[in-house]
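Student:
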DNA sequence: ATTAATTTTCAAAATTTTTTGAAAGTATAA
DNA sequence: TTATACTTTCAAAAAATTTTGAAAATTAAT
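Here it is in structure tokens:
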């Protein structure tokens, strides 16, 4: 395979993966493009390489900066902004975990907690609470494990992976 | 909170969680409804409780059966089909992992492998391959860890969680 | 202060995903 | 066989999400 074709394929695959995981396809593609670009790119570069509009490029670049996956690079004497991506894959994974955990896991923990406090006494209530408790057990274990994960270093992660295998 | 309100809140939360994770909101809601129903429900029950159409109910029940999260229950002397959900949360998590891994992780592993085979020699190529290798390392570790996970029992999972914490 | 370069915003358009509901299909009973 | 009860399908409608592009805002240079 040619290098350019390989790059193209990678960008597409990363986009598909992203959209399956609730991350906007274009956002994932911009990320992929920056990951495999030796040089930092400006908005126009990204627009051209991904064939997307200025607004789209701008919005997704900003989202990536929000997620801590992309950084601005100001070139001396240059007016326009250039962008580089976080290259350390462990940091990439970590940032994604932090964001998704906050957006998705934490609200669920809150709901599970809220719905645990029910009035009255009935077999129905007890059965419901049993299910909720069970889910809570999983959810809070996952929550704590992810906390540990994001606060650990790459080495710890790898060791844990190893231990699990 | 009243039991009915709690159930409603739980169903909504489960739906939101699902849709954030690439699982259709209604599918997740049907799942939630069945999880907290003491009795098995028929299509009409589900349509009524979730205020959805017959087609929608049917499709999502079917999908849940596909995912191994819901089972048909045939009542003797009754013509219509009733449905119950997998109640063991560990089995629920396991089935979801199996499905998502197959649908999302495995295709990415294939692409990473495909794009690793590039013609020519250049610094550019080497830089690209470095990034791909790095991602491959993470992806294959995740793949193997998930395999181990789905093939293990609930007890092992809990122990691993414990160890990690 | 004016101009020029660049970034940001956001309403409208395009696209994608989900839902509906009626028709077709299937299975059971009479 | 015919009627009845129920399930499945799928094209069209509705809803949600993403993208566009031009105008507004910002920033820096002259």
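Residue numbers (our numbering), protein chains in the order written: chain G, 1 to 165; chain S, 1001 to 1165. Don't be surprised by glycine CBs; every beta carbon is placed ideally from N, CA and C.
Sort out for me which residues DSSP pairs residue 83/G with in a bridge.
Tutor: Bridge partners of residue 83/G according to DSSP: 41/G, 72/G.
Student: Just the C-alpha distance for residue 1117/S and residue 1085/S, rounded to the nearest angstrom, thanks.
Tutor: 45 Å
Student: Given this structure, state the Cα-to-Cα distance separating residue 1059/S from residue 11/G, to the nearest angstrom.
Tutor: 32 Å
Student: Tell me which residues of the segment 20-38 of chain G have at least one Cβ-Cβ distance to chain S shorter than 8 Å, keeping chain order.
Tutor: Answer in chain order: 20, 21, 22, 35, 36, 38.
Student: Look up residue 1088/S in the DSSP assignment and say whether it is helix, strand or coil.
Tutor: coil
Student: What's the gap between the Cα of residue 107/G and the Cα of residue 1024/S?
Tutor: Each residue's CA atom was taken as its position, placing residue 107/G and residue 1024/S some 18 Å apart.
Student: Does any residue of chain G have a CB that is nearer than 9 Å to the CB of residue 1059/S?
Tutor: Answer no: the Cβ-Cβ gap between residue 1059/S and chain G never drops below 9 Å.
Student: Residue 50/G touches chain S at which residues, Cβ-Cβ below 7 Å?
Tutor: What residue 50/G touches in chain S: nothing, since even the nearest Cβ is about 17 Å away.
Student: Report the rounded CA-to-CA distance for residue 1165/S versus residue 87/G, giving the unit in angstroms.
Tutor: Any answer about residue 1165/S is weak, because its pLDDT of 49 lies below 50 and its placement is not dependable; what the coordinates show is given next. Going by the C-alpha atoms only, they are around 28 Å apart.
Student: Are there 16 or more other CB atoms within 10 angstroms of the CB of residue 34/G, so buried, or fewer, so exposed?
Tutor: By the Cβ-count criterion, residue 34/G is buried, with 16 or more other Cβ atoms from all chains shown falling within 10 Å of its own Cβ.
Student: Could you check whether the Cβ of residue 1120/S sits closer than 8 Å to any heavy atom belonging to the ligand MN?
Tutor: Although the ligand MN was asked about, the structure shown includes no ligands whatsoever.
Student: Is the segment 50-57 of chain G touching the segment 1128-1140 of chain S, taking contact as three or more C-beta pairs under 8 Å?
Tutor: no
Student: Have a look at residue 48/G and residue 93/G and give me their C-alpha separation to the nearest angstrom.
Tutor: 27 Å
Student: For the alpha helix (DSSP H) that residue 55/G lies in, which residues bound it at each end?
Tutor: 54-66
Student: Tell me whether the beta-carbon of residue 112/G lies closer than 9 Å to the beta-carbon of residue 97/G.
Tutor: no
Student: Restricting to Cα atoms, I'd like to know which of 1128/S, 1122/S, 1101/S is closest to residue 1143/S.
Tutor: Nearest option by C-alpha distance: 1101/S.
Student: Is there at least one Cβ from chain S nearer than 9 Å to residue 165/G's Cβ?
Tutor: For residue 165/G, the predicted model reports a pLDDT of 49, less than 50, meaning its position is unreliable and no value from the coordinates is stated.
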